[in-house]
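Below is one structure; the comments refer to it alone.
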Amino acid sequence: MNNILNISLKGLLSAILFLLSFSISYSQKKSSNDSIDYKVESLLKKMTLEEKVGQMNQYNGFWDVTGPTPKEGNAKQKYEHLKKGLVGSVLNVEGTTNVRKLQEIVVKESRLGIPLLFGFDVIHGHKTLSPIPLGESASWDLAAIEKSARAAAVEASAVGINWTFAPMVDISRDARWGRVMEGAGEDPYLGSKIGIARVHGFQGEDLSAPTSIVACAKHFAGYGFVEAGREYNSVDVGTSTLYNIILPSFKAAVDNGVGTVMNAFNILNGVPSTGNKFLLREILKSKWGFKGFVVSDWGSIGEMVDHGFAKNIKETAEIAANAGSDMDMESYAYITYLKQLVEEGKVDAKVIDDAVRRILRIKFKLGLFDNPYKYCDTKREQEIINHPDRASVLEMAKKSIVLLKNENNLLPLNINQQNIAVIGSLANDKNSPLGNWRFGAKDSSAISFLEGLNKYTTNYKYAKGTDLTTGKTVFPLELNINETDTSQFAEAVNLAKNSGVVLMVLGEHGFQSGEGRSRTKLGLPGVQQQLLEAVYKVNKNIVLVLMNGRPLALPWAAEHVPSIVEAWQLGTETGDAIAQVLFGDYNPSGKLPITFPRSVGQCPIFYNHYHTGRASAKSKDEVFYSHYTDESVSPLYPFGYGLSYTKFQYSNLTIDASDAMHIKVKATITNTGKREGEEVAQLYIHQKVASVVRPVKELKGFQKFSLSPNESKEITFTLTDAELGFYNNEGKYVVEPGEFDVMIGTNSQEGLMGTFTRK
Ligand code: BGC
């Protein structure tokens with residue numbers, strides 16, 4: 015009794031302490047927000063209209079640190095604008111010396127000395143590169159992804175950057191679109207969780223910390239749905255897709271404090287995203303209560319003329335500002351016309367004040383008014399650059415690898431394996447595995463596949479077999495893929511003939527995905543497929559290591575090649591990460607965050623599609639059902655798919671739906687193989703009948719855990735209204751009672767099925 019009393023007294027005391035500390039930290043936060051608001055208002059009162067518009071203006075910085083680069087026509091004007099306080103932010107300037115020089119111009123020479131924001135595309139690391147975001151997403155490891163964004167922020171902040179244009183939270187279902195490499199794949203649930211992890215990683219606990227940088231959820235909205243996967247193309251989607259697939263990852267970022275949001279280049283249902291009042295004012299700023307600011311995409315304000323939405327640049331400024339775009343990236347529309355538009359009564363002064371408030375608030379939150387040079391510590395710059403956290407980057411790279419096939423346990427390789435042949439020019443490439451979006455990193459700074467292999471064995475022979483590219487490949491303006499030259503095949507085939515195992519490293523060049531890199535072909539580029547088949551003719555013992563920035567369609571390889579390892583573009587530590595997986599020092603645990611098609615004709619292909627009225631044939635000769643006459647409708651590898659060197663068995667699905675607010679779904683997972691391994695157990699639901707038809711499956715939970723051989727674990731998922739509802743066609747979140755299918759499984763196609771009724 016005494017004990018119980020003791021425990022409950024203790025409990026009470028700690029509850030009081032908790033509440034007290036909560037209320038103290040809450041009130042501290044509140045008062046610091048209040049005082050920021052107060053400072054913003056006081057500053058705003060001192061600003062002229064011209065200075066306000068200046069804050070809404072962002073320039074690309076390509077001038078020399080000593081002054082404008084003479085060869086740039088408008089650099090002189092930009093320099094003058096800096097001195098007059100007519101620039102709120104610059105992008106693409108890095109290095110503490112450069113950043114300090116520019117910051118000094120505005121702080122010392124402009125009337126109010128409002129510090130600049132320095133934006134940069136820190137997408138997957140800065141100097142030290144993590145895997146491309148799609149690769150990282152294959153880890154399904156939120157803590158690791160957050161850590162990776164944190165490491166990127168530490169490096170970027172050390173070189174003067176205080177704002178990253180990431181994460182890209184565009185959901186995309188189309189492998190043809192080059193920018194799938196930059197996102198988290200096809201699923202809004204996984205994409206939201208990963209987006210949140212990245213926002214937290216970049217921004218840290220407190221934006222004013224010296225290693226925090228502001229994040230930017232982009233591209234709002236719909237950019238991942240460009241028609242036919244063609245970059246910058248139009249987007250026309252229905253309300254259900256907009257509310258349930260496209261918007262949730264943005265809302266999740268906003269709910270988790272993302273400081274900024276970027277517009278998209280595309281029109282969405284006839285209205286450019288940049289001038290889209292419904293998206294920006296109604297949804298983002300009003301419904302979701304977003305307090306940060308919206309930056310346009312590069313030149314996207316001006317492009318409204320090309321879209322046929324505005325007569326001229328002046329009108330684009332009017333439309334974009336009124337719609338809620340707060341900062342103009344490189345259209346020169348705001349700085350040229352906004353003041354005049356206010357004077358003419360076409361843009362309300364309140365619109366300008368609202369935008370400037372938002373921008374200043376971020377600058378105050380970063381602590382730039384207390385110390386505009388806080389990101390300009392040259393000693394810290396040296397320290398961080400010279401001692402990068404490569405161990406974490408390596409860990410992230412290993413976690414990103416997905417084992418797609420492993421017949422007869424060809425992998426892992428035995429360390430004493432004799433007669434290894436290595437084939438493929440990507441094996442000896444230190445540049446391509448860095449992937450796209452790596453402006454801060456040194457070219458050719460990746461550990462190549464061969465360099466990683468060397469740490470395990472030198473008992474191998476290498477033949478390129480083919481050059482993936484010819485000519486210039488460093489910065490990607492011209493990327494010449496070798497489409498014809500097979501002159502090196504013979505050497506590779508000869509080598510393979512006399513080898514025990516052949517490691518073939520094939521795939522895309524790092525610059526074949528990314529912005530402006532849409533493709534209509536999803537096979538192995540150039541003559542690599544031919545090479546693969548030529549080698550297979552003489553030696554079937556092939557481990558195919560794939561490097562690519564998007565799903566590839568490789569039905570031949572999937573059928574014939576015994577082992578396939580998906581290694582994306584893994585960044586700086588590429589070679590070491592792959593070698594550790596090939597030799598079994600790391601047991602792969604990645605799962606695909608995006609569906610791999612069998613052929614381009616299937617695109618867009620994704621797991622969470624709807625039922626058709628004619629899903630299957632009623633008889634052998636049936637024609638009038640939903641199918642292709644020349645291709646299966648199933649994917650090559652489904653969403654959520656990935657193997658391990660061990661095996662996991664799923665059993666004992668139990669469902670308790672007695673409490674409608676907390677439906678519990680459990681399963682037991684057992685490691686039935688011989689190695690310790692990590693599994694990602696995935697939970698999918700499907701509401702059988704609803705007022706808006708529901709997808710055949712929707713991911714609503716996942717858990718990643720490690721099991722030793724013979725070890726079992728019971729996992730529990732709790733489904734609440736947050737998982738069971740959906741947005742109806744009015745954009746309202748509804749939960750409708752009814753019957754649900756539920757599945758817990760190892761990927762989106764295989765698992766234990768059950769049903770329950772949500773009362
Ligand atoms: C891209 C953005 C990027 C911006 C600045 C644009 O072309 O679409 O994602 O942040 O350039 O580099």
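Heads up, the sequence shown is in this note's numbering, so the first residue is 15 and it goes up one at a time. Ideal placement from N, C-alpha and C gives every residue a C-beta, glycine not left out. On a predicted model such as this, the values are computed, not experimentally measured, just so you know.
Rounded C-alpha distance that separates residue i from residue j
i	j	result
Gln525	Asp269	A small fix is needed here, since residue 525 is Phe in this sequence, not Gln. So the two alpha carbons sit approximately 34 Å from each other.
Gly745	Met675	22 Å
Asn326	Val319	6 Å
Asn761	Ile185	19 Å
Gly316	Ser613	37 Å
Lys680	Thr732	9 Å
Lys5	Pro723	What the structure shows of the chain is the stretch from 15 to 773, and residue 5 is not part of that stretch, so it cannot be assessed.
Val748	Asn258	12 Å
Asp735	Tyr741	12 Å
Val183	Gly197	6 Å
Gly521	Leu482	9 Å
Thr682	Tyr550	40 Å
Ser206	Phe264	7 Å
Asn247	Val285	13 Å
Asn307	Leu448	For the sequence presented, residue 307 should be read as Phe rather than Asn. Spanning the two alpha carbons is a distance of roughly 31 Å.
Gly313	His700	42 Å
Pro565	Phe610	5 Å
Asp155	Ser162	11 Å
Gly759	Tyr664	7 Å
Thr500	Lys379	58 Å
As assigned by DSSP and simplified to three states, the class of residue i
i	result
Phe216	helix
Gln763	coil
Ser28	With a pLDDT of only 49 at Ser28, under the threshold of 50, the placement of this residue in the model should not be trusted; the figure read from the coordinates follows. Note: Ser28 maps to helix in three-state DSSP.
Glu529	coil
Ile578	strand
His233	strand
Met276	strand
Glu410	Inspection of the sequence shows that residue 410 is occupied by Met rather than by Glu. In the structure shown, Met410 sits in a helix (DSSP, three-state: H, G or I).
Val319	helix
Ala477	strand
Ile38	Annotation note: pLDDT 48 at Ile38 (below 50); position unreliable, no value reported.
Asn74	strand
Asn601	coil
Asn685	strand
Ile556	strand
Thr732	strand
Ser640	coil
Thr178	strand
Ser513	coil
Tyr664	strand
Asp342	strand
Val309	strand
Lys727	strand
Phe292	helix
Gly589	helix
Leu261	coil
Identified DSSP bridge partners for residue i
i	result
Val716	Val is not the amino acid found at residue 716; the sequence shown has Phe there. Phe716 is bridged to Gln696.
Arg772	Gly752
Thr484	Asn494
Pro286	Ile281
Asp670	Lys678
Gly521	Met561
Tyr747	Tyr741
Ser103	Gln72 and Leu131
Val703	Beta-bridge pairing links Val703 to no other residue.
Quiz: which residues have CB nearer than 5 Å to the ligand BGC non-hydrogen atoms: Asp135, Phe179, Asp311 and Trp312
Three or more C-beta pairs under 8 Å: does that hold for the stretch 54 to 63 against the stretch 336 to 347? no
Would you check if the stretch 427 to 445 and the stretch 456 to 468 touch, i.e. whether three or more CB-CB distances between them fall below 8 Å? yes
With three or more C-beta pairs closer than 8 Å as the rule, is the stretch 421 to 438 touching the stretch 466 to 475? At 8 Å Cβ cutoff, the stretches touch.
If we count Cβ pairs, one from each stretch, closer than 8 Å, do we get three or more for the stretch 160 to 168 versus the stretch 231 to 239? Judged by Cβ distances under 8 Å, the stretch 160 to 168 makes no contact with the stretch 231 to 239, as fewer than three pairs qualify.
Would you check if the stretch 97 to 116 and the stretch 173 to 180 touch, i.e. whether three or more CB-CB distances between them fall below 8 Å? Yes, the stretch 173 to 180 is in contact with the stretch 97 to 116.
Do the stretch 578 to 598 and the stretch 408 to 415 touch if we need at least three Cβ pairs shorter than 8 Å? Because the criterion of three Cβ pairs below 8 Å is met, the stretch 578 to 598 and the stretch 408 to 415 touch.
Does the contact criterion of 3 or more C-beta pairs under 8 Å hold for the stretch 638 to 647 versus the stretch 597 to 604? no
Taking contact to mean 3 or more Cβ pairs, one atom from each stretch, closer than 8 Å, check whether the stretch 665 to 673 and the stretch 715 to 722 are in contact. no
Does the contact criterion of 3 or more C-beta pairs under 8 Å hold for the stretch 346 to 365 versus the stretch 378 to 392? no
Could you tell me whether the stretch 90 to 106 touches the stretch 142 to 157, using the rule of 3 or more Cβ pairs below 8 Å? no
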